[in-house]
Every structure is written in C-alpha cells, then in structure tokens.
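Below is one structure; the comments refer to it alone.
There are 2 protein chains.
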Amino acid sequence: MLKHDPDLDRVFQALADPTRRAIVERLVRGPASVSQLAEPLPMSLAAVVQHLQVLEGSGLVRSEKVGRVRTCRVEPAVLRRTEEWFAGQRTLWERRLERLGELLADETEEKEEKEEK
Amino acid sequence: MLKHDPDLDRVFQALADPTRRAIVERLVRGPASVSQLAEPLPMSLAAVVQHLQVLEGSGLVRSEKVGRVRTCRVEPAVLRRTEEWFAGQRTLWERRLERLGELLADETEEKEEKEEK
Chain X
1 MLKHDPDLDR VFQALADPTR RAIVERLVRG PASVSQLAEP LPMSLAAVVQ
51 HLQVLEGSGL VRSEKVGRVR TCRVEPAVLR RTEEWFAGQR TLWERRLERL
101 GELLADETEE KEEKEEK
Chain A
1 MLKHDPDLDR VFQALADPTR RAIVERLVRG PASVSQLAEP LPMSLAAVVQ
51 HLQVLEGSGL VRSEKVGRVR TCRVEPAVLR RTEEWFAGQR TLWERRLERL
101 GELLADETEE KEEKEEK
C-alpha cells in the first residue's frame with residue numbers, strides 16, 4: 001500500500017537541516033568549491049564535508065574533484081522532482097475544494113427547487 | 001548568516017518518512033479519523049499515533065477530538081510555504097541560466113564584431 005520512494009526520504013532528510021539548506025541555496029546561484037561553501041558557515045571544514053556527504057547521498061548535490069579542488073553543483077532535477085510532490089498534493093487538495101464547492105452548489109439548487117414547489 | 005527556519009526543519013523531518021507522507025497524501029483528499037488513517041497502514045495504531053504526533057509537531061497536520069473520535073486534517077498553508085521554498089530555489093537557478101545565456105550571447109557578439117574588423 002505504501003508507495004515508498006527512498007529518494008524522497010533522503011531528499012527530505014537532507015533538507016531538514018539549516019546548514020544543508022543554506023548550501024543548496026548557495027549552489028543554486030552557481031557551483032562552488034568546498035572551501036567557498038565552508039567560508040560563511042560557522043563550523044569546521046570537516047562538519048561542512050559531512051553535510052555535503054548527506055547532500056550528495058540524496059542526489060541534491062554532486063561534486064567533482066579537479067586537481068586539489070572539489071567543486072560542488074546542485075542537481076536541479078532532484079529539486080524539481082521534490083517540488084512536484086508538493087504540486088501533486090496541492091492539486092489533490094484543490095480538487096477536493098472544487099468537489100466541496102460543487103456539492104454546496106447542488107445542495108443550494110435542490111433547496112431552491114424545493115422552496116419553489 | 002544562516003537564515004534558520006525551524007519550521008522548515010520540522011516539516012522536512014516529518015516528510016522524510018514514507019508513512020508520514022502516505023498520511024499527508026491521504027489527508028489532502030479529506031479529513032480522516034485516526035483509525036481510518038491506520039486502517040491501510042501495516043503497523044500498530046500506537047505507531048500511527050506516533051507518526052501523527054510528528055506531523056502535528058511540524059504543523060502539517062492538525063487534529064481535533066470530538067467525543068471518542070480524533071479527526072485529522074492537513075494544513076494546506078504549511079504545504080504551500082514549503083512548496084514556495086522549492087519555487088524560490090528554482091527561480092534562482094533559472095536566473096542563473098538566463099545570466100549564463102546572456103554572457104554567451106555577449107561573447108558571441110564580441111567575437112563576431114572582432115571578425116568583422
């Protein structure tokens with residue numbers, strides 16, 4: 001019965017931390033090296049690297065090492081898929097409101113018909 | 001430097017679990033009692049109640065007890081706010097692509113001007 005999407009588990013888990021969201025918010029503006037990412041963050045480089053590992057595990061971020069520099073990029077497709085989950089819920093919710101609106105309209109109509117008789 | 005939004009922490013934490021997402025997906029279709037929510041889930045009622053407590057703590061779900069029945073509802077405003085976080089990231093990402101496109105166009109133009117001279 002449960003449609004289990006382990007990717008969504010990992011993405012939401014990754015985003016449940018303010019440092020990791022700050023890293024994603026930085027990377028949507030463009031790629032950055034690990035030390036550039038660490039620079040404004042109030043923690044050790046090792047802590048930043050751990051957060052990056054969680055982000056890479058979720059697919060939200062990928063990185064590539066060239067020489068001594070590891071450059072990180074965001075994976076917009078993963079953000080988009082996650083946004084779609086929310087859009088899906090919104091659609092279902094809006095359909096529900098529409099149905100309620102129709103029910104209400106039908107009831108009002110029936111009531112008016114009865115009153116006319 | 002970190003804009004810490006503890007609400008987003010809790011919402012993402014709540015959604016990082018497939019049972020809790022299934023509960024949200026059920027509730028966007030309409031309110032349900034705790035036992036209705038538990039019925040299709042392969043776990044004890046106590047486990048479902050625990051998941052509901054996490055969802056209520058995040059603001060995604062609220063519940064009300066009338067007589068002996070506790071009815072749960074989704075809080076669409078919280079879903080909407082979270083969806084907006086993703087939309088914000090997408091906007092930043094799209095702006096970046098636009099800027100890259102403009103840079104590329106400028107470079108092509110400069111190159112063509114040089115070749116004409």
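Read top to bottom, the protein sequences are chains X and A. Those letters in the first sequence? Residues 1 to 117, by full-length UniProt numbering. Those letters in the second sequence? Residues 1 to 117, by full-length UniProt numbering. Using N, Cα and C, we set each Cβ at its ideal position, and we do this for glycine too.
- The Cβ-Cβ distance between residue 85(X) and residue 28(A) does not fall below 7 Å.
- Taking a cut-off of 8 Å for Cβ pairs, the region 73-88 of chain A and the region 38-47 of chain A do not touch, as fewer than three such pairs fall below it.
- For residue 35(X), the uninterrupted alpha helix (DSSP H) run begins and ends at 34-38, by DSSP.
- For the 7 Å CB-CB criterion, residue 31(A) and residue 73(A) form a contact.
- Unbroken beta strand (DSSP E) runs of no fewer than 3 residues, entirely contained in the UniProt domain "HTH arsR-type" (1-94) of chain X, are found at 61-66 and 69-74, following chain order.
- Interface annotation, residue 51(A): not in contact with chain X, CB-CB separation never under 7 Å.
- Look at residue 98(A): its C-beta is not under 7 Å from any C-beta on chain X.
- At least one beta carbon of chain A lies nearer than 7 Å to the beta carbon of residue 18(X).
- With a contact defined as Cβ atoms closer than 8 Å, residue 60(X) and residue 75(X) qualify at about 6 Å.
- Between the alpha carbons of residue 50(X) and residue 15(X) lies a gap of roughly 14 Å.
- Neighbours of residue 83(A) across chain X, judged by C-beta separation under 8 Å: 83, 86, 87 and 90.
- Taking all protein chains shown into account, residue 19(A) has 16 or more neighbouring C-beta atoms within 10 Å of its C-beta and is therefore buried.
- The alpha carbon of residue 78(A) has as its nearest neighbour, out of 95(A), 67(A) and 55(A), the alpha carbon of 55(A).
- For residue 43(X) and residue 63(X), the gap between their C-alpha atoms comes out near 20 Å.
- Counting C-beta atoms within 10 angstroms of its own C-beta, residue 69(X) has fewer than 16 neighbours from the protein chains shown and is therefore classed as exposed.
- Taking the beta carbon of residue 9(X) as reference, the chain A residues within 8 Å of it are 16, 17 and 18, listed in sequence order.
- For residue 114(X), the secondary structure class from DSSP, reduced to helix, strand or coil, is helix.
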